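**Student:**
Number of protein chains: 2
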Amino acid sequence: MWAASPAFRRRLFLLRSLSPSPCAALPGNAACSSSPSPSTSIRVNAMSASGPVYEADAEAVVRRITPPLDRARHKGQAGKIAVIGGCREYTGAPYFAAISALKVGADLSHVFCTRDAATVIKSYSPELIVHPILEESYSVSDGERESVSSRILTEVAKWMERFDCIVVGPGLGRDSFLLDCVSNIMRHARQANIPTVVDGDGLFLITNNLSLVEGNLLAILTPNVYEYKRLVQKVLNCEVNEENASEQLTALCQKIGGITIMRKGKADIISDGKTVTQVSTFGSPRRCGGQGDILSGSVAVFASWARHFLLTNEYPTEKSVNPMMLGCIAGSLLLRKAASHAFEKNKRSTVTTDIIELLGKSLEDICPAGH
Amino acid sequence: MWAASPAFRRRLFLLRSLSPSPCAALPGNAACSSSPSPSTSIRVNAMSASGPVYEADAEAVVRRITPPLDRARHKGQAGKIAVIGGCREYTGAPYFAAISALKVGADLSHVFCTRDAATVIKSYSPELIVHPILEESYSVSDGERESVSSRILTEVAKWMERFDCIVVGPGLGRDSFLLDCVSNIMRHARQANIPTVVDGDGLFLITNNLSLVEGNLLAILTPNVYEYKRLVQKVLNCEVNEENASEQLTALCQKIGGITIMRKGKADIISDGKTVTQVSTFGSPRRCGGQGDILSGSVAVFASWARHFLLTNEYPTEKSVNPMMLGCIAGSLLLRKAASHAFEKNKRSTVTTDIIELLGKSLEDICPAGH
Chain E
1 MWAASPAFRR RLFLLRSLSP SPCAALPGNA ACSSSPSPST SIRVNAMSAS
51 GPVYEADAEA VVRRITPPLD RARHKGQAGK IAVIGGCREY TGAPYFAAIS
101 ALKVGADLSH VFCTRDAATV IKSYSPELIV HPILEESYSV SDGERESVSS
151 RILTEVAKWM ERFDCIVVGP GLGRDSFLLD CVSNIMRHAR QANIPTVVDG
201 DGLFLITNNL SLVEGNLLAI LTPNVYEYKR LVQKVLNCEV NEENASEQLT
251 ALCQKIGGIT IMRKGKADII SDGKTVTQVS TFGSPRRCGG QGDILSGSVA
301 VFASWARHFL LTNEYPTEKS VNPMMLGCIA GSLLLRKAAS HAFEKNKRST
351 VTTDIIELLG KSLEDICPAG H
Chain P
1 MWAASPAFRR RLFLLRSLSP SPCAALPGNA ACSSSPSPST SIRVNAMSAS
51 GPVYEADAEA VVRRITPPLD RARHKGQAGK IAVIGGCREY TGAPYFAAIS
101 ALKVGADLSH VFCTRDAATV IKSYSPELIV HPILEESYSV SDGERESVSS
151 RILTEVAKWM ERFDCIVVGP GLGRDSFLLD CVSNIMRHAR QANIPTVVDG
201 DGLFLITNNL SLVEGNLLAI LTPNVYEYKR LVQKVLNCEV NEENASEQLT
251 ALCQKIGGIT IMRKGKADII SDGKTVTQVS TFGSPRRCGG QGDILSGSVA
301 VFASWARHFL LTNEYPTEKS VNPMMLGCIA GSLLLRKAAS HAFEKNKRST
351 VTTDIIELLG KSLEDICPAG H
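If you're matching them up, the sequences are chains E and P in order.
Numbering of the first sequence is given in the UniProt record's numbering, commencing with residue 1 and proceeding in unit increments.
Numbering of the second sequence is given in the UniProt record's numbering, commencing with residue 1 and proceeding in unit increments.
Shown next, in the form of structure tokens:
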């Protein structure tokens, strides 16, 4: 079902989109776009850890990894995503992440949150499956902690293998008991080989406990400027260096064992410690809260699509591409396009829901459903 | 109020839509469409249990069974539907089923669910009547079980005779106490001769307790690919056979005593153990969760309309048609049309709510309200 014409395959958009070689800027260059030798990916890796950051051919990535809509497919085959987040204080963020996953094209989107949050998140939309199973310290006595923690893990674990990707962090809060439970969930997801996008308070959690993501090649961190600063301070023991941004990001990824990080900003810079690229398509000057949640939900869907695409792809050169990088590139572009459309329509009054409503149109513009 | 012109009646759309005879494909064939002999339905039965599956003339069925909108009618006369489902975990599914029933044209739509689910389902829409009366094990002590179970049955029973059809299963969950209570409700509905559509977790319930539907000619099962597989394994003690799909479905219906089953898939195949037909109008390649709930709510309305139509119809040949089959045919077509319109508009970002919004237009296209 992922088949495409051989001619299309040979264009190897994926490699070109990540490659820092000059041919990346020359879409018509036949010497670069056909029959690459097995050394292509090695060259990419060797060249890209330093020097200028090349813009990803993000539209090509979106088109390449987005699965065709096949009439013979069943519910769930276009992706099942889960968001771990939502507490007494925050309910919008997990909703934004989960509904964005559906609007990008996932078939099913779950939220695992506290009881208080569940009623509200459910009421935002009947499209989500919301599990009211997390607990905060105030609702658990000291004596109950162990049994409650174990029950929560059992509940989530029975669902885990069905998910193609999980998002940890939107609206998670910082309650210590809840974060302990979520740490267990992250360890379980890792054992089950489930890709994990970490954002918001999930980044607070892992910054204080790096072993949760260390060496996990299926982990993606999506820090904003403040979260990135804390991460650099903690891991590299220095301040953010804007002049050597890509080298510092690359070093950070390497230090955490080859995880993928998308440093959000004017341009989103993305690295897995080997390759570095960026997406700088202009989005919107409006900075309403919630856009990071859209991004994490979208990245989750694209990363799972990219992973599936590469696992079922027969071109060995494409197999060496990191699907987590592709997920970031695609998610970044889509949010930027949708934010741009939403701002054009709503100007200063643009809110996150307006952007979510335009995810579908933005994807359709890049990658028509009938392609 | 169900009157139509004698000429229109004589066209006997219903029989033609189910008949595998060649005249089914020839709408203008006077020999087939006038004065059918009493043997017509027997021939239909005898011919259709094996061989190719014929496409139902589903548009004709929708037009024939949809009641005219008569100014003299009162609230409730176009149908009163109840959905039994909705628990702590699931609230979207019962909402989708119940609101779809209203959007197809029922006058009143009820939901019987747990207390946790009720607040949320009520918040989705003020159009539904939501009864917070079911209980899950966690909220009932062992000593209370019998009295709570009895109270739940009494509560539902006092409403039951008002309903034209009930839908059991959307978002029901799998709690053992709740399923025991729902088993009692199903037995009561059967005694009261209320047609019953079983979907989702309702299928899990009846697969483990076939006596709940065995021999109930007013029962409709609407399994998806996984639910159908479990049903075949349990009842026929074998695997799904795609090469003889219609024969196997027919055998399954017979084995459960002549109930109606719609096997959902690329084409929806429908049988009552005597007749088999299919609806394969293309809907949408999008497989977002919730479409099955739209279908169960729509089938409930159409089955009750078909039953009323046939009970008040004076043509003996039409009386032999199974209204549960007609309900499935009509519901299948309407969902497919609505999903097609919704996909055309929303592409990959299509979600269940988008499809529900187009049920009305889809029905209007087939069967204008002024006809």
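Glycine included, C-beta positions come from ideal geometry on N, C-alpha and C.
From a predicted model like this one, the values you see are computed outputs, not experimental measurements.
#1: Helix, strand or coil for P/Cys-181? Go by DSSP, reduced to three states.
#2: Check E/Lys-361 in the structure and name its three-state DSSP category.
#3: Could you tell me the alpha carbon to alpha carbon distance between P/Val-130 and P/Thr-312, rounded to whole angstroms?
#4: Can you check DSSP and say which residues form a bridge with P/Met-262?
#5: By how many angstroms is the C-alpha of E/Leu-358 removed from the C-alpha of E/Val-351?
#6: Taking 8 Å as the cut-off, decide whether the C-beta atoms of E/Asp-107 and E/Gly-79 are in contact.
#7: Ordered along the chain, which non-local residues of its own chain (more than five positions away) have a Cβ less than 6 Å from that of E/Glu-364?
#8: Tell me, please, whether the stretch 240 to 254 of chain E touches the stretch 200 to 212 of chain E by the rule of three or more beta-carbon pairs shorter than 8 Å.
#9: Just checking: is the beta-carbon of E/Pro-132 within a distance shorter than 8 Å of some beta-carbon in chain P?
#10: How many angstroms separate the CA atom of E/Gly-327 from the CA atom of E/Leu-236?
#11: Following the continuous beta strand (DSSP E) through E/Pro-195, name the residue where it begins and the one where it ends.
#12: Locate the beta strand (DSSP E) running through E/Ala-219, then write down its first and last residues.
#13: For a quick check, are the C-beta atoms of E/Ala-181 and E/Ser-211 less than 8 Å apart?
#14: Give a yes or no on whether 8 Å exceeds the smallest Cβ distance from P/Phe-112 to chain E.
#15: Does the contact criterion of 3 or more C-beta pairs under 8 Å hold for the stretch 334 to 341 of chain P versus the stretch 266 to 284 of chain P?
#16: Could you check what DSSP says for P/Pro-52 in three-state terms: helix, strand or coil?
#17: Spell out whether any CB of chain B is found under 8 Å from the CB atom of P/Phe-204.
#18: Going straight from the alpha carbon of P/Val-232 to that of P/Glu-242, what length do you get?
#19: For E/Leu-102, which residues of its own chain have a beta-carbon under 7 Å away from its beta-carbon, when the five flanking residues on both sides are left out?
#20: With distances taken Cα to Cα, identify the nearest neighbour of E/Asn-224 among E/Lys-264, E/Val-197, E/Ile-256, E/Gly-215.
#21: What residues in the stretch 69 to 83 of chain E have a beta carbon less than 8 Å from any beta carbon of chain P?
#22: Within the continuous alpha helix (DSSP H) that includes E/Pro-132, where are the two ends?
#23: In whole angstroms, what separates the C-alpha of P/Val-120 from that of E/Val-83?
#24: Please classify P/Gln-191 as buried or exposed, where buried requires at least 16 other C-beta atoms within 10 Å of its C-beta.
#25: Counting only beta-carbon atoms, is P/Arg-115 nearer than 8 Å to chain E?
#26: Is the separation between the beta-carbon of E/Leu-172 and that of E/Gly-200 shorter than 8 Å?
#27: Just confirm the distance between the C-beta atoms of P/Val-197 and P/Ile-220, as a whole number of angstroms; I'd bet it's less than 8 Å.
#28: How is P/Val-140 classed by DSSP in three states: helix, strand or coil?
#29: Have a look at P/Ile-261, P/Leu-295, P/Phe-177 and flag the residue whose alpha-carbon is nearest the alpha-carbon of P/Tyr-95.
#30: Just checking: is the beta-carbon of E/Glu-127 within a distance shorter than 8 Å of some beta-carbon in chain P?
#31: Apply the 10 Å Cβ neighbour rule to P/Asn-193 and answer buried if 16 or more other Cβ atoms are within range, or exposed otherwise.
#32: Less than 8 Å between the beta carbons of P/Thr-260 and P/Ile-269, yes or no?
#33: Measuring CA to CA, which of P/Phe-309, P/Cys-113, P/Val-299 is closest to P/Leu-153?
#34: Pull up the DSSP beta-bridge partners for E/Cys-113, would you.
#35: Kindly list, in the order they appear in chain E, the residues whose Cβ is closer than 7 Å to that of P/Val-120.
#36: I'd like to know whether the C-beta atoms of P/Ile-329 and P/Arg-63 end up nearer to each other than 8 Å.
**Tutor:** Result, derived from the coordinates:
#1: Here P/Cys-181 sits in helix by DSSP.
#2: For E/Lys-361, the three-state secondary structure derived from DSSP is helix.
#3: 31 Å
#4: P/Ile-270
#5: 12 Å
#6: Closer than 8 Å, so yes.
#7: none
#8: no
#9: yes
#10: Answer to the nearest angstrom: the Cα atoms are 25 Å apart.
#11: In the DSSP assignment, E/Pro-195 falls outside any beta strand (DSSP E) and carries neither an H nor an E.
#12: Boundaries of the beta strand (DSSP E) around E/Ala-219: 219 to 221.
#13: The displayed chain sequence assigns Cys, not Ala, to residue 181 of chain E. Cβ distance not < 8 Å, so E/Cys-181 and E/Ser-211 don't count as in contact.
#14: no
#15: Flag = yes, the stretch 334 to 341 of chain P and the stretch 266 to 284 of chain P touch.
#16: Note: P/Pro-52 maps to coil in three-state DSSP.
#17: Chain labels in this structure do not include chain B; the protein chains are E and P.
#18: 12 Å
#19: Ser-109, Glu-127
#20: E/Lys-264
#21: Leu-69, Asp-70, Arg-71, Ala-72, Arg-73, His-74, Lys-75, Gly-76, Gln-77, Ala-78
#22: E/Pro-132 -> not in any alpha helix (DSSP H); beta strand (DSSP E) instead, spanning 129 to 134.
#23: 20 Å
#24: exposed
#25: no
#26: In contact: E/Leu-172 and E/Gly-200 (Cβ atoms closer than 8 Å).
#27: About 5 Å; that satisfies the 8 Å criterion.
#28: Coil, per DSSP.
#29: P/Leu-295
#30: yes
#31: exposed
#32: no
#33: P/Cys-113
#34: Per DSSP, E/Pro-132.
#35: Those within 7 Å of P/Val-120 in chain E are Thr-119, Lys-122, Ser-123.
#36: no
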